[in-house]
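For the sequence shown, full-length UniProt numbering begins at 1 and goes up steadily by one.
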Amino acid sequence: MTANSLEDLFVEGLQEMYYTEQQLVDALQELEEGSTEEEIKNAFSEHREETQGHVDRLEEVFEAIGHDAEAHEDPIVDAMIHQHEEFVNGDPDEKMLERYNLMSGQKSEHYEIASYGNLIPLAQQLGHDDVADTLEETLREEQEALDEVSTLSEEFDYGDIESPQ
Ligand SMILES: [Fe+2]
Ligand SMILES: [Fe+2]
Numbered sequence: 001m002t003a004n005s006l007e008d009l010f011v012e013g014l015q016e017m018y019y020t021e022q023q024l025v026d027a028l029q030e031l032e033e034g035s036t037e038e039e040i041k042n043a044f045s046e047h048r049e050e051t052q053g054h055v056d057r058l059e060e061v062f063e064a065i066g067h068d069a070e071a072h073e074d075p076i077v078d079a080m081i082h083q084h085e086e087f088v089n090g091d092p093d094e095k096m097l098e099r100y101n102l103m104s105g106q107k108s109e110h111y112e113i114a115s116y117g118n119l120i121p122l123a124q125q126l127g128h129d130d131v132a133d134t135l136e137e138t139l140r141e142e143q144e145a146l147d148e149v150s151t152l153s154e155e156f157d158y159g160d161i162e163s164p165q
């Protein structure tokens, strides 16, 4: 990312999130398919639908600020997805994969929260108050998704996974 003005910094951030959200739509499908517990599958599936809504909202935001909706590759989300793929390629047992899916989901929500948590004050600083409100709606959904995966991680049923006594 390079930016010489606050407006650039804001637009670049939006472009990275536009890329990230699109990658996460597919990634959340992987997480859903790689999980077995109904509650966990539903959480990923619901957030996948919301994530598609985040993509649409970013398109509204680009329109509102008079920029073409353009995605800029974000190496952070790519790295998170790559790390998850490597874990899957190691052919983990079902429960281990499900537990790892929650960890991956949780990390991506934290990343999105950090990103939107910075884009919102930038939007306000630039006088884009309506845009800030739109991004705020997405941030709220990310926070709810984080709360849900965090609870699912804490209450995870480890079943037969060995743990040292
Ligand atoms: Fe999102
Ligand atoms: Fe999210």
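For every residue, glycine included, the Cβ atom is placed at its ideal position computed from N, Cα and C.
Which of helix, strand or coil DSSP assigns to residue i
i: residue 19; result: helix
i: residue 27; result: helix
i: residue 8; result: helix
i: residue 13; result: helix
i: residue 1; result: coil
Beta-carbon separation (whole angstroms), residue i vs residue j, contact threshold 8 Å
i: residue 82; j: residue 104; result: Incorrect: roughly 11 Å between the Cβ atoms, too far for contact.
i: residue 50; j: residue 141; result: 5 Å
i: residue 150; j: residue 98; result: Actually they do not touch by this definition, with Cβ atoms about 15 Å apart.
i: residue 28; j: residue 58; result: That pair is no contact at about 16 Å.
i: residue 145; j: residue 54; result: No, residue 145 and residue 54 are not in contact; Cβ-Cβ is about 10 Å, not under 8 Å.
Pairwise C-alpha distance: residue j and residue i
i: residue 77; j: residue 108; result: 8 Å
i: residue 70; j: residue 159; result: 45 Å
i: residue 106; j: residue 31; result: 11 Å
i: residue 132; j: residue 111; result: 18 Å
i: residue 117; j: residue 139; result: 7 Å
i: residue 126; j: residue 93; result: 49 Å
i: residue 40; j: residue 152; result: 7 Å
i: residue 43; j: residue 64; result: 31 Å
i: residue 67; j: residue 38; result: 41 Å
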